[in-house]
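First residue of the sequence shown? That's 18 in the working numbering, and the numbers climb one at a time after it. A short write-up of the structure that comes next.
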Amino acid sequence: MSTTFKPPLSKTATREAVGFSYVWDEIGPHTPYGAKLKRAFKPYMPGDEDALRGHLTDMSLMSDQICADDKAVNAILNDLCELKEISLSVANSPSQVLSIPELFNIKSFLVHSRKVRGMLRETIGKVPRRYQLRDTDPLLDAMDPTGEYMDTFFVYDAFSERLAAYRAESREIERQVRRAKKEIRERLQREHRISMTPKFELSVPRANRELLELAESLPELERTSEDYMNIIFEIKANDEVFELEARQGELNGLIEEEELAVCKQLSLEIAKHAEELNANCDAIGRMDLDLAKCLYAKAHDCRAPQICDAHQIVIEEGRNLQVEDALKAQGRSYLPVSIELSDGVTAITGANMGGKTISLKMVTQCCLMTQYALYLPAKHAEIGLSNYIHVLIGDSQNVQRGLSSFGSEMEELKEMLDNAQDRSLIMIDEIASGTNPAEGFALTKSFMKYFSKKPYITVITTHFDHAASGEEVRNLQVKGLSGADFGKLARELSTANRRQRIEILGKYMDYRLIPVDTVGEVPRDALNIAKILGIYDEIIDEARGYLI
């Protein structure tokens, strides 16, 4: 039976081009469970609107009740950072005896997840189901018979009466052996005027022949080690000590067997609670990842989007976070852009410095962030989910394979056409900019007409003004320099160097989008920019003549 291929929501090139990968990489879970969930996270798709709304509602509790309280955040993060990966140990517990480090990790998980569970109840009250941790106190009690709930693990005497008895006898034998050796040491020191260490050792310099002969003659001592400077002698076990040490060896074996029996019993007890442990690992992962998302949103002034059933996009004062961070690093600010889109074609025109490409990136980044359950860098947003998101900005990676800029672009467009489906978001920056203007205009016009008949939200930036004409195309124009004070701008530019002039020009550029009803309303910023940057008047005047 054949199956229809369904492409993923977006490909890596799209996610990287619009800065979504930049944002996603910045989301930093603190547990292996959150990191695992992040790696496997699948975006919400059309039909999942209610599930996404529920997810965002749960995140709002996290954001409002926990992230607003730095003390609560730090307390929870401190415990989350202590959680180790226990899933494999839990899976092995029915058939294998877990090691001491594995048992420690599981007990530590129980101790710290118990604290997290309590803090969630204190800060949120009614904890959303996706973050609810199941009660594992019975298992913790079984692993900590002392009831202290310390973040340590040892096979305590309280686990087994036999173990306690063996260890008590072992400690008593150690005392007896030490007492016997101490008596021998004191006698030897008294009778032969030698000095031995608390470990019952006598260190004899090789050069001291008299002491060396004495040590070798004493039946209570035996040579145990040496180096180039000294020879070490220790007290030899007499019959009493020999018997005690023999019993100690037996006890060590019995203690080891009993500890193994305790570990086996604890492993089986863990196996009985595997369902609760696995459920809590999953809940910890969800809570950890969502907390990381909320902390990122708080740091970047992001807000929850409103999820629409219809395929539409409304973004009020949206920002592209990657571009914004780059501007902040330069000491510059980002001018937010508002836009409304629905099925059909929207054309954005304006000068090449006008921010058209950044607007494409901003919209696409916001839509991807929505479907990955992230808050958006916007004052307000209403987003309808898409089945397919594809952005074409500049040359694709195919240029590296030897294709021309135009050939690369056409190959990318072919992939876009093949994969697009109902509720697609198609974003194209400057179709056919790498070929001659006549054919570029024709291709742009043709693509706009084709996409206008499809159930896609399509945005195409273009410098071909007349390509955007027609009832089937909605026109937006970058406001650009239309409201700029050119006299003031010229004065600032007159004393600036080349790099400074570009920065000053960017400061005066208004990147907001305004609707344009007719092509005649489109400002021609390219000539203004060229003139301001010093292109000779005779060239500018000649160019204006061609535009009449």
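All residues carry an ideal CB built from backbone N, CA and C; glycine is no exception. As the structure is a prediction and not an experimental result, all values here were calculated from the model.
Sequence-distant Cβ neighbours of E341 in its own chain, meaning closer than 6 Å and more than five residues away, are Y351.
About 6 Å separates the Cβ atoms of T31 and H407, confirming a contact at the 8 Å cut-off. The C-alpha of L78 lies about 13 Å from the C-alpha of L312. Exclusion of the five residues before and after A278 leaves S177 as the residues of its chain whose Cβ lies within less than 8 Å of its Cβ. When L180, F171, S80, V194 are compared, the shortest CA-CA separation from E257 is found for V194.
F250 is bridged by DSSP to L219, R240. Distances from the alpha-carbon of A108 to those of E286, A254, M379 put E286 closest.
Restricted to the stretch 269-318, not a single beta strand (DSSP E) segment is unbroken, complete and at least 3 residues in length. For N122, the uninterrupted alpha helix (DSSP H) run begins and ends at 117-141, by DSSP. Secondary structure remark: continuous alpha helix (DSSP H) runs of at least 4 residues inside the stretch 30-54, in chain order: 37-43. Residue pairing by DSSP leaves L510 without any beta bridge partner.
Here I117 is exposed, its C-beta having fewer than 16 other C-beta atoms within 10 Å.
Per the C-alpha coordinates, the member of V221, L73, A181, G335 positioned closest to S376 is G335.
Here H209 is exposed: its Cβ has fewer than 16 other Cβ atoms, across all protein chains shown, within 10 Å. Rounded to the nearest angstrom, the gap between the Cα atoms of D299 and Y183 is 41 Å. Within the stretch 376-453, the complete beta strand (DSSP E) segments of 3 residues or longer fall at 397-401, 405-410, 441-446, listed in chain order. Residue nearest to L156 within the set F126, R508, G51 is F126 (criterion: CA-CA distance). Nearest to G71 by alpha-carbon distance, out of I477, D307, P394, Y245, is D307. Distance from the CA atom of S441 to the CA atom of S403, rounded to whole angstroms, is 5 Å. DSSP, read as helix, strand or coil, puts E208 in helix. For T363, the enclosing beta strand (DSSP E) begins and ends at 361-366. For N95, the enclosing alpha helix (DSSP H) begins and ends at 87-97. A contact between stretches requires three or more CB pairs, one per stretch, nearer than 8 Å, and the stretch 243-261 meets this requirement with the stretch 214-228.
Under the DSSP assignment, K496 falls in the beta strand (DSSP E) whose first and last residues are 490-497. In this structure, the beta-carbon distance from D168 to E251 does not fall below 8 Å.
For L530, no alpha helix (DSSP H) segment is defined; the enclosing uninterrupted segment is the beta strand (DSSP E) at 527-532. The Cβ atoms of L498 and V533 do not sit closer than 8 Å to each other. The C-beta distance from I201 to Q265 rounds to 18 Å, too long to meet the 8 Å contact threshold. C319 is positioned such that its CB atom lies closer than 8 Å to that of P394. In the three-state scheme derived from DSSP, where H, G and I count as helix and E and B as strand, R320 is classed as strand.
Here the alpha carbons of K198 and A185 stand approximately 20 Å from one another. Here the alpha carbons of V354 and K496 stand approximately 11 Å from one another.
Taking a C-beta distance under 8 Å as the contact criterion, T387 and P472 do not qualify as a contact pair. Annotation for S469: G361, V362, E489, V490 place their beta carbon closer than 7 Å to its own, counting only its chain and skipping 5 residues before and after.
Shown here for M76: same chain residues with a beta carbon closer than 8 Å to its own, the five before and five after excluded, namely D307, K310, C311, A321, A390, Y392 in chain order. In terms of Cβ geometry, L54 and S284 do not form a close pair [threshold 8 Å].
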